[in-house]
Amino acid sequence: MKGFSATLRREVLLAMRSPAEVINPLFFFVVVVSLFPLAVSPAPELLREMAPGVIWVAALLAVMLSLDGLFRTDEETGVLDQLLVAPVELYFTVLAKILAHWLLVGLPLVLVAPVLGYMLQLPVSVLGTLMSGLLLGTPSLMVIGAIGASLTVGLRRGSMLLALLVLPLYIPVLVFGAGSLGRALEALPVNPVLAVLGAVLALALSLGPFAIALGLRISTGD
Amino acid sequence: MQESRAVHRSQTTGSAKLPGHFYLISLVALLAAVLTWFIWSAPVRPRTVWLGGGWVFGVAFYFGALRYPDLYWRTLERWYHELGSPRYFYRFSGLWLPWLVGIAVVLCLTGLIWGLAFAPPHHEQGNSYRIIYLHVPASSAALMGYMAMGVAGLVALVWRLKMAEIMIKAIAPFGAVMAAISLISGAIWGRPTWGTYWIWDARLTSMLILLFLYLGVIALQNAIRDPRQAGRAASLLSVVGVINVVIVRYSVDWWQSLHQGSSMSMFGTAGSAIHPSMLAPLLLSMFGIYFLYAVTVLIRARTEILWRERKSNWVREEVS
Amino acid sequence: MNDPNDRHGNAPLSQVELSQVDLSQVGLLQVDALGCERDDRTLFAGLSFTAGAGDIWQVAGPNGAGKTTLLRILAGLFGFYDGRLRWQLPATLRESMLYLGHRAGLREELTPLENLSWLSALHGQKQDAALMAALSAVGLGGFEDLPVAHLSAGQKRRVALARLWLPGKPVWILDEPFTAIDADGVALVEAQLRSHAAAGGLVIYTSHHQLAADTRQILLGQGEARINTAHAGAAA
Amino acid sequence: MYFDSFAELWQMGVHGPFVWSAFGICVALILLNVGVAVYQGRRVRRDLKRIIRRQIMQEKQ
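Top line first, the protein sequences correspond to chains A, B, C and D.
Heads up: the first sequence begins at 1 in the working numbering, then just goes up one per residue.
Heads up: the second sequence begins at 1 in the working numbering, then just goes up one per residue.
Heads up: the third sequence begins at 1 in the working numbering, then just goes up one per residue.
Heads up: the fourth sequence begins at 1 in the working numbering, then just goes up one per residue.
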């Protein structure tokens, strides 16, 4: 656990010094969601049916786009090398970075999602499911995306490649996340689906940082 | 360094060497036995085929290992040291390749012609079901290929075995083609069956995702300039992808049940028996496609070995 | 997963204080027939040397000769090499080593103090007073709470070099420590390298700037590696 | 053969176009893939031969 709290504190500090990196994904999320009524139709019935997919896809894209910079600036400034030679378990420092990133980028998405859900005509009764689904889903998206980010960190124009690598891996989270909301709309029990999302999260949190640490080492040439 | 060690080890264990084609012939004989057994047995369900085949292989391997532990251990060691060394792999694959090509061509031609012209039509789908003689082998080859990439990736990451990285690079292109064939044949089969070329059916959707995963591995390999680094990165991605494939299949099945899509499968209604006269050509073409897969993997791996080892003396002698 | 320290053959002598071990009797670093290829080009091959406590090694050579790659290999950051590399240290390599890359390893948004305190927290050297002392030693007293982005290139390099004034790291691996700093700074850093070596540490650095006569040299270039210890021991 | 004539085999009731186009496209893809693999192998061998010949020339000089 050595280095975990120091890294967490530092990441939060960094985000406070350059707030655009925190606000932009949130802004992206809101803008993308509000494009759909304009592009498709403002009819409440249609919007309600589309809402789970629209919100989840927008959240997924916002998370993915925010991850491109997770290791890139560190790599360019040589901070990543310092992290790799430090006598701490990379597992925990990576976990700290992801946790900080989720607190600053993921959590605001979760908090703003009910407002967008309401605007897409979702009944108030399902907004709780929307939030708990995103609460369990966005950390998984962060971890899975960070695996892709660690593999593309040294590459020019890596952001397109990141999307190609990561989007297929996002499918289970998307299916269960949007599915939980869909079931809530039909007044079916959602807890089993949320439990699956939680299982995916547990798997991602326990194994993901290993893969990310290995990916970072591979990208720097080991 | 690794090269010289492998040479040394193989010389010390070399006294009990069996001729290289011994393994190949015994493998083919075993496959033929399994095949015959299923053709002669009563109508069987597809799942029984897999379970039964697995049992036959497992029991044969287990009793073989009990009876000849020394032979098995030496064989394993030989595989590790010789197939793990690019130079030996190149030599052995060169010996095997003509055999494999022959077997692949014979099995594919027999299976496909049998399936197209001799097998009876399906009682629900008529003649359009004959597409399964391509679709099912291609789907299973695509899935098996990705699993093999995952295993090779794990080996490459843990033991830093160069051959495992080369195998991933060799498996990926044909796996992607197999996934594409599965999609194309599935789509064409869907037109007479569902009345449309594309439907978001669970199998087709999983296969589409598998194709994306293959393309991701290929894209990552092409984006990284240093082949060793690219090999390791692709290994990690394959391992992550294999874990994901399992969850993807589960999630897509669940998603299908949620939206109550088509439950029609190429075997007719799910779980129904398949008649041996239809199954035999299917198994033939399936093994044919597997052998074809092995052939292209070996060809690509040999090319990659030559290129990676181009500075070594044995490649110089080999080429000129 | 696999600890790079094991792969580099790093065998800890024992978990004792550095001062209790007579490091002058031990080759801290043994390099045997080290070779590296990159982008189809042999950077160097057949490099063998033994570096001990109290040594200062300069890695020299033209641009693109593989100086940075060699240092990254030694630091356990780059794994694609032939040959053997063996560290013999009282603790693991990562605990014993101070590595400064040719990129400073500082985030522009943070102040020097914030950058350094994170790094020293990772290395378990957690005293702000020591950090302030180190910063004033490199002439940056009073700059500690200005974001690094506002500093000049030379000042940034000095921030990174301030870690040389923190205790507890017997092995220093420094990539181009003298770039961008002025003559005073060069003299300052040079003196620090000497006193570290005199105290029984090991310094390996790349630069075109050779410290006075007693440096051992690794000369890279044209795919070859040569060792030049002609002047070594002159000062001893 | 299940079918009475080759014309019937070609038509397969109404399913001929589907079955034969699927087989045509897919077999072409497989053959193309094998062909590409073989071609790449030949090209690498040719390139290596040239590189090695050049090296031998240089060594002689």
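Note that beta-carbon positions come from the ideal geometry of N, C-alpha and C, so glycine has one too.
In this model, E224 of chain C and R216 of chain C are separated by some 17 Å (Cα to Cα). Taking all protein chains in view, the Cβ of M149 of chain B is crowded by 16 or more other Cβ atoms within 10 Å, so the residue is classified as buried. In this structure, the beta-carbon distance from Y293 of chain B to G145 of chain B falls below 8 Å. If you ignore the 5 residues before and after L29 of chain C, its C-beta comes within less than 6 Å of the C-beta of A51, W87, all in its own chain and listed in chain order. The contact set of M97 of chain C on chain A, defined by CB atoms closer than 9 Å, consists of V85, P87 in chain order. Listed along the chain, the chain C residues whose CB falls inside 7 Å of the CB of D68 of chain A amount to none; the nearest CB is some 17 Å away.
Every unbroken stretch of the beta strand (DSSP E) spanning 3 or more residues and falling wholly within the region 18-66 of chain C is given here in chain order: 27-38, 41-52, 56-60. If you check the CB distance, V31 of chain C and L220 of chain C do not come in under 8 Å. Secondary structure of D175 of chain C (DSSP, three-state): strand. Judged by their CB atoms, M97 of chain C and V171 of chain C are nearer to each other than the 8 Å cut-off.
With a cut-off of 8 Å on Cβ pairs, the region 221-240 of chain B is not in contact with the region 191-205 of chain B, counting fewer than three such pairs.
Think of a sphere of 8 Å around the beta carbon of T92 of chain C: the chain A residues whose beta carbon falls inside it are P87, in chain order. For the pair A75 of chain C and I181 of chain C, the CB atoms are not nearer than the 8 Å cut-off. In terms of Cβ geometry, L122 of chain C and V148 of chain C do not form a close pair [threshold 8 Å].
A residue is called buried once 16 or more other Cβ atoms fall within 10 Å of its Cβ, and I56 of chain D, having fewer, is exposed. For V88 of chain A, the secondary structure class from DSSP, reduced to helix, strand or coil, is coil. Contact between the region 36-48 of chain A and the region 134-151 of chain A is absent, with fewer than three C-beta pairs closer than 8 Å. Neighbours of W307 of chain B across chain D, judged by C-beta separation under 8 Å: V44, L48.
In the structure shown, the three-state DSSP call for L135 of chain A is helix. Between I98 of chain A and the set A:V190, A:G198, A:N191, A:V12, the nearest pair of CA atoms involves A:V12. Contact annotation for R228 of chain B against chain C: F80 [CB-CB distance below 8 Å, chain order]. Annotation: Cβ neighbours of R17 of chain A in chain C (cutoff 8 Å, chain order): E109, L110, P147. DSSP places H122 of chain B in the strand class (E or B) of the three-state scheme. The alpha-carbon separation between F178 of chain C and R158 of chain C amounts to approximately 9 Å. Think of a sphere of 7 Å around the beta carbon of I171 of chain A: the chain B residues whose beta carbon falls inside it are I209, V248, S251, in chain order. Taking a cut-off of 8 Å for Cβ pairs, the region 126-135 of chain A and the region 15-31 of chain A do not touch, as fewer than three such pairs fall below it. Under a criterion of Cβ atoms nearer than 7 Å, the residues of chain A adjacent to F212 of chain B are, in order, P168. Shown in chain order are the members of the region 9-21 of chain D whose Cβ falls below 8 Å from a Cβ of chain B: L9, M12, G13, V14, H15, G16, F18, V19, S21. When Cβ-Cβ separations below 8 Å define contact, R158 of chain C makes no contact with chain A.
For the pair E89 of chain A and N222 of chain B, the Cα-to-Cα distance works out to about 31 Å. Interface with chain D (8 Å Cβ-Cβ cutoff): S312 of chain B is excluded. Interface criterion not met: the Cβ of V153 of chain A is under 8 Å from no Cβ in chain C. Counting only the Cα atoms, A45 of chain C lies some 9 Å from G83 of chain C.
Residue pairing by DSSP puts V203 of chain C in a beta bridge opposite C:I56, C:W172. In its chain, beyond the 5 residues on either side, G150, G153, L154, L157 have a beta carbon closer than 8 Å to the beta carbon of V239 of chain B. In the three-state scheme derived from DSSP, where H, G and I count as helix and E and B as strand, L120 of chain A is classed as coil.
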